[in-house]
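K.L.:
Pasting in a structure now, in structure tokens, and then I'll have a few things to ask.
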Amino acid sequence: MTAKPPDGTNLDELLKRALADDLPPDVAAGMQDRLDRFRAGMKEKEKWMPVRTPFFPRSAWAMLSILMLVSGSLLQGLGSRNPLSDRISIIRTSLAVSRELAAARSMSSSARIQNEDGKSFDCDIEWRSGSQAEVLVKGPDESSLRNFKLGELQDAADPVARALAPFATPAAVAELLSGGWRFVTFSREAGCDLGTYTTPAGTGREALEFVIDMCTNLPVRITGTGGASSSSGRPEEILWEARFRF
Amino acid sequence: MKASILSKALGWTFLKWLFAAAFVIALFFSGLLSGLMNKAGLFYLVSGSVAAALMGFSIREIGAAFRAAAGRPGTDAELLRAAHFWEAAARNAWVLGVLGSTLNVTTVLGGEAGGIGDVAGRMIQALLVTFYGLVLSAICLVPALKITGQIEKSGARETPAAEVREVSSSRPFVYERMIGYILFAAVLGLTVFFLLKGRPQNGTLPMAKIILHGPAILVIVGGTIAFALFVNGGARALTLGFAMTGLISLLLGFIQALFGFVHRSVQDIASALAFIISAGLFALLGMLAVGAPLEDREVMEGRRKRPDSLSRMFWIVFPILVFIFLVLTFIMVITPMKQHVG
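Structure, rendered in structure tokens:
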């Protein structure tokens with residue numbers, strides 16, 4: 572059986588002549604139908620148009636496609652950064668930080684903050700799960716000491732207590748870090764990645780820059796800033812700084 | 077006599093559709109589905125289906141398919157073409173549903189990061205679009221199966237390609253296709269706009285930057301062109317190219333993410349998950365906007381009796397795989413992990 576009849580020969584006529592004597596009409600019709608379907612199938616195959624290659628010759632498209640494939644694979648394999656992966660990294664880290672802060676059993680922090688007169692002073696905060704935080708406040712000359720209990724930090728009337736409240740407990744720190752994170756950079760210290768992020772200023776809250784230890788998923792340092800530079804995203808003026816140990 | 081039978085059949089069909097519409101409207105207003113409501117998703121799916129139909133079919137062909145679904149008799153070739161239209165509409169709704177979920181997940185991950193409750197809630201809302209797509213796909217399959225049944229009842233299982241070619245439109249329908257593609261682009265743009273409305277974004281056109289993931293675009297487009305040139309098999313080569321390249325990319329991203337978990341590297345995991353989502357998005361987009369309309373034209377112009385069986389398989393299976401990978405991505409985003417010290 573061939574796809575095309577021999578040149579100059581009408582296959583139907585040929586079939587009729589060759590099979591006129593020994594094939595009943597229904598068998599001949601069936602055979603003819605089968606031949607028709609075979610030819611139709613071949614014609615359909617012929618109709619599968621090859622992929623057209625507009626603008627450039629086929630070889631140029633082939634080169635371009637291979638180049639695209641290889642460069643895409645290399646970019647992905649070498650871990651090139653892109654906005655979506657940065658966002659996913661931020662979501663993963665922020666969820667992990669919230670989880671770890673909620674599970675923290677103890678926290679120590681050292682903070683340097685400014686009072687309403689603009690004078691800076693240092694304070695140390697010790698927090699234990701189930702007990703009250705103890706806050707030791709040192710003055711600018713390191714002489715005047717003041718002790719707070721956790722309950723006293725809720726006192727919104729005392730400006731020092733109000734300034735210390737955001738670092739007093741892990742829950743308060745988690746609340747402080749809630750909001751839209753932006754990735755700044757990764758660095759490596761003592762075998763662990765440290766991720767630096769910022770958050771924009773919110774209602775009654777300064778813009779923040781903070782460093783997360785990727786080994787523990789806990790904050791190492793939080794800095795309150797007077798706003799971020801539009802070009803670099805880094806803080807322009809440091810208002811206060813707190814360092815944490817868990 | 078014949079006209080009265082026809083009008084009776086059309087009236088009965090109209091009543092059936094009216095009853096179904098009344099049921100859906102009553103269900104909608106009952107509040108039972110309030111948890112399943114995603115207005116942006118609904119808008120995207122319905123408008124996207126219209127646009128996708130215009131990308132592959134002329135208005136005349138669409139009208140003929142609706143008339144056939146309403147019970148108007150026709151020749152076997154006309155009914156075959158109408159059945160193909162409804163099958164293609166079901167396919168488009170299914171692919172659009174998963175594409176919508178992928179787009180939605182991208183906007184969720186690309187937006188401001190809230191707590192786990194916020195992210196989880198928005199991700200689940202994103203997956204609702206697939207549910208809508210499946211429902212619309214089932215609705216479109218009803219006329220397809222009904223018309224196919226009519227053809228089988230009439231005893232004409234195989235219609236010669238020549239007959240199909242005779243009834244096919246010789247009039248070029250460039251305008252319909254152009255309108256379809258413009259409408260489709262507008263639907264995608266408006267959907268992203270609706271999804272982002274009220275949610276702060278950072279920087280200039282950040283969502284465009286997030287969606288246009290360079291490595292995924294390069295791999296999917298490059299891989300598809302290479303596959304199509306190698307196979308050299310018409311429109312089906314493009315459909316298979318997008319599907320195969322997409323599948324390979326999904327697996328590549330998944331393996332990379334697993335290695336990220338082994339090495340406890342947040343950056344590697346995030347990069348792999350971004351690749352999975354974007355590769356799925358662009359492969360589905362390519363299948364829907366490039367492969368499917370070209371295969372539809374081959375069928376409607378009588379160059380082929382039906383779409384390639386491998387293409388049909390991938391139109392069903394590939395969106396399912398993308399959906400599964402989206403769910404896996406969500407799980408990997410919220411799975412906690414700590415780095416080793418050292």
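Protein chains in written order, with this note's numbering: chain A, 572 to 817; chain B, 77 to 418.
From the three backbone atoms N, C-alpha and C, an ideal C-beta is built for every residue, glycine too.
(1) What does Gly773 of chain A reach in chain B if we use C-beta pairs closer than 9 Å?
(2) Does any CB atom of chain A fall closer than 9 Å to the CB of Val295 of chain B?
(3) Could you tell me which chain B residues have their CB closer than 9 Å to the CB of Gly701 of chain A, listed as they occur along the chain?
(4) DSSP three-state label for Thr321 of chain B, please.
(5) If we ignore side chains and look at the alpha-carbon of each, how far apart do Gly750 of chain A and Thr770 of chain A end up?
(6) Return yes when the C-beta of Val782 of chain A is under 8 Å from any heavy atom of the ligand GDP, and no when it is not.
(7) Can you tell me where the alpha helix (DSSP H) with Asp657 of chain A in it begins and where it stops?
(8) Under 8 Å: do the stretch 144-153 of chain B and the stretch 320-338 of chain B share three or more Cβ pairs, one atom per stretch?
(9) Thinking Gly430 of chain B and Val174 of chain B are a contact (beta carbons under 8 Å), I'd like their distance in whole angstroms, please.
(10) So, is the C-beta of Phe757 of chain A closer than 9 Å to a C-beta in chain B?
(11) Any beta carbon of chain A sitting closer than 9 Å to that of His160 of chain B?
(12) Could you tell me which chain B residues have their CB closer than 8 Å to the CB of Pro654 of chain A, listed as they occur along the chain?
(13) Check for me: the alpha helix (DSSP H) holding Arg388 of chain B runs from which residue to which?
(14) In three-state terms, what does DSSP make of Asp583 of chain A?
(15) Which one of B:Val409, B:Phe406, B:Phe401 and B:Met363 has the shortest CA to CA distance from Gly132 of chain B?
(16) Among the candidates A:Ser660, A:Val755, A:Met639 and A:Arg792, whose CA atom is the shortest distance from the CA of Phe738 of chain A?
(17) Could you spell out the range, first to last residue, of the alpha helix (DSSP H) harbouring Leu810 of chain A?
(18) Between Leu640 of chain A and chain B, is the shortest Cβ-Cβ distance under 9 Å, so that the two count as touching?
(19) Examine the Cβ distances between the stretch 397-411 of chain B and the stretch 160-169 of chain B and report whether three or more of them are shorter than 8 Å.
(20) Note the first and the last residue of the continuous beta strand (DSSP E) segment covering Phe627 of chain A.
(21) Give the single residue among B:Phe330, B:Phe358 and B:Met283 whose Cα lies nearest to the Cα of Thr300 of chain B.
(22) By the 7 Å beta-carbon criterion, what residues does the stretch 356-374 of chain B contribute toward chain C?
(23) Can you confirm whether Ser246 of chain B, when its beta carbon is compared against all beta carbons of chain A, has any partner nearer than 9 Å?
(24) Could you tell me the boundaries of the beta strand (DSSP E) in which Trp698 of chain A lies?
(25) Should Ile287 of chain B be labelled buried (16 or more other beta-carbon atoms within 10 Å of its own) or exposed?
(26) How many Å lie between Arg629 of chain A and Leu314 of chain B at the Cα?
(27) When the Cα atoms are used, what is the spatial distance from Tyr768 of chain A to Phe318 of chain B?
(28) When you compare each of B:Val375, B:Ile215, B:Thr267 and B:Met389 to Lys115 of chain B by their alpha carbons, which one comes out closest?
(29) Assign Ile684 of chain A to one of two classes, buried (16 or more other C-beta atoms within 10 Å of its C-beta) or exposed (fewer than that).
(30) In this structure, how does DSSP classify Asp784 of chain A when only helix, strand and coil are distinguished?
P.N.:
Quick answer:
(1) Residue mapping note: residue 773 of chain A aligns to position 202 of the first sequence, counting from 1. The contacting residues do not exist; Gly773 of chain A stays about 11 Å from chain B at best.
(2) On the second sequence, position 219 is the one that residue 295 of chain B refers to. Closer than 9 Å to some Cβ of chain A, the Cβ of Val295 of chain B qualifies, so yes.
(3) Against the first sequence, residue 701 of chain A aligns to sequence position 130. The CB of Gly701 of chain A never comes closer than 9 Å to any CB in chain B; the least such distance is about 24 Å.
(4) Taking the first residue of the second sequence as position 1, residue 321 of chain B is located at position 245. Note: Thr321 of chain B maps to helix in three-state DSSP.
(5) For the purposes of this step, residue 750 of chain A is identified with residue 179 of the first sequence, where counting begins at 1. For the purposes of this step, residue 770 of chain A is identified with residue 199 of the first sequence, where counting begins at 1. When the Cα atoms are used, Gly750 of chain A and Thr770 of chain A turn out to be separated by approximately 7 Å.
(6) Judged by which ligands are present, the structure shown has none, so any question about the ligand GDP falls away.
(7) Along the first sequence, read from residue 1 onward, the residue named residue 657 of chain A stands at position 86. First-last of the alpha helix (DSSP H) with Asp657 of chain A: Pro654 to Ala674.
(8) At 8 Å Cβ cutoff, the stretches do not touch.
(9) The structure shown does not extend to residue 430 of chain B, since chain B spans only 77 to 418, so no value can be given for it.
(10) The sequence position of residue 757 of chain A within the first sequence is 186, counting from 1. Interface annotation, Phe757 of chain A: in contact with chain B, CB-CB separation under 9 Å.
(11) Counting from 1 along the second sequence, the entry for residue 160 of chain B is found at position 84. Taking Cβ atoms only, chain A never reaches closer than 9 Å to His160 of chain B, which makes this a no.
(12) Residue mapping note: residue 654 of chain A aligns to position 83 of the first sequence, counting from 1. Chain B residues near Pro654 of chain A: Gly186, Pro282, Lys285 and Ile286.
(13) In the second sequence, counting from the first residue as 1, residue 388 of chain B sits at position 312. Arg388 of chain B -> alpha helix (DSSP H) spans Ser385 to Ile410.
(14) Here residue 583 of chain A refers to the residue found at position 12 when the first sequence is read from its first residue. Three-state DSSP puts Asp583 of chain A in a helix.
(15) Numbered from its first residue, the second sequence carries residue 132 of chain B at position 56. Here the closest residue by C-alpha is B:Met363.
(16) Position 167 of the first sequence, counted from the start, is the residue given in the question as residue 738 of chain A. Its Cα nearest to that of Phe738 of chain A, the residue A:Arg792 stands out among A:Ser660, A:Val755, A:Met639 and A:Arg792.
(17) Stepping through the first sequence from its first residue, residue 810 of chain A is reached at position 239. According to the DSSP assignment, Leu810 of chain A belongs to no alpha helix (DSSP H) but to the beta strand (DSSP E) extending over Ile809 to Arg816.
(18) The count along the first sequence starts at 1 and reaches residue 640 of chain A at position 69. Chain B contact via Cβ: present.
(19) No: fewer than three Cβ pairs fall under 8 Å.
(20) Reading the first sequence from its first residue, position 56 is the one you call residue 627 of chain A. Where Phe627 of chain A is concerned, there is no enclosing beta strand (DSSP E), given that its DSSP letter is neither H nor E.
(21) For the purposes of this step, residue 300 of chain B is taken as the residue at position 224 of the second sequence. Comparing Cα-Cα distances from Thr300 of chain B to each of B:Phe330, B:Phe358 and B:Met283, the minimum goes to B:Phe358.
(22) No chain C is part of this structure, whose protein chains are labelled A and B.
(23) Taking the first residue of the second sequence as 1, we reach residue 246 of chain B at position 170. Reliability of the predicted coordinates at Ser246 of chain B is poor, the pLDDT of 48 falling under 50, and the value obtained from them is presented with this limitation in mind. No, its Cβ sits nowhere closer than 9 Å to a Cβ of chain A.
(24) As a working mapping, residue 698 of chain A is identified with position 127 in the first sequence. In the DSSP assignment, Trp698 of chain A falls within the beta strand (DSSP E) that extends over Ser691 to Arg699.
(25) Residue mapping note: residue 287 of chain B aligns to position 211 of the second sequence, counting from 1. Classification of Ile287 of chain B: buried, given that the 10 Å Cβ count is 16 or more.
(26) Within the first sequence, the letter at position 58 stands for residue 629 of chain A. Within the second sequence, the letter at position 238 stands for residue 314 of chain B. Rounded to the nearest angstrom, the two C-alpha atoms are 15 Å apart.
(27) Translated into the one-based positions of the first sequence, residue 768 of chain A becomes position 197. Translated into the one-based positions of the second sequence, residue 318 of chain B becomes position 242. Straight-line measurement puts the Cα of Phe318 of chain B at about 37 Å from the Cα of Tyr768 of chain A.
(28) In the second sequence, counting from the first residue as 1, residue 115 of chain B sits at position 39. For the set B:Val375, B:Ile215, B:Thr267 and B:Met389, the Cα lying nearest the Cα of Lys115 of chain B is the one of B:Thr267.
(29) For this step, residue 684 of chain A is matched to residue 113 along the first sequence. That one is buried.
(30) The residue you call residue 784 of chain A lines up with position 213 of the first sequence. Three-state result, Asp784 of chain A: strand.
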